[in-house]
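Enquirer: Right, I'll just put the structure down here and ask away after.
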Ligand code: SF4
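In my numbering, the protein residues as written are 4 to 66.
Next comes the structure, spelled out in structure tokens:
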């Protein structure tokens with residue numbers, strides 16, 4: 004599974020980073036960087052949580 008961000012929607016608040024700071028990193032300029040966007044199946048619950056809690060609906064999961 005892969006987690007992707009729509010940077011046109013992301014507002015850089017960093018809720019995702021607070022859920023998984025090893026994956027999501029908001030840069031000083033507010034741009035979100037995703038580290039290792041291809042995630043193992045064991046990470047699905049955590050990635051789903053980030054997707055559902057993003058206030059801008061900027062994150063999504065693809066298979
Ligand atoms: S929670 Fe959503 S809006 Fe906030 S930094 Fe993450 S992807 Fe961007």
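Glycine is no exception: its CB is placed at the ideal position from the N, C-alpha and C atoms.
1) Classify residue 36 as buried or exposed, calling it buried when 16 or more other Cβ atoms lie within 10 Å of its own Cβ.
2) In chain order, what residues of the same chain have a beta carbon less than 7 Å from the beta carbon of residue 13, not counting five sequence neighbours either side?
3) Name the two residues that bound the continuous beta strand (DSSP E) containing residue 54.
4) Compute the minimum distance between the beta carbon of residue 65 and the heavy atoms of ligand 1, and state whether it is under 7 Å.
5) Kindly list the residues whose CB is nearer than 6 Å to the CB of residue 49, restricted to its own chain and excluding five residues on each side of it in sequence; keep chain order.
Expert: According to the data block:
1) exposed
2) Setting aside the 5 residues that flank it on each side, residue 13 is surrounded in the same chain by 35, 59, 61, each with a C-beta closer than 7 Å to its C-beta; the list follows chain order.
3) No beta strand (DSSP E) holds residue 54; the alpha helix (DSSP H) holding it covers 47 to 56.
4) no
5) 23
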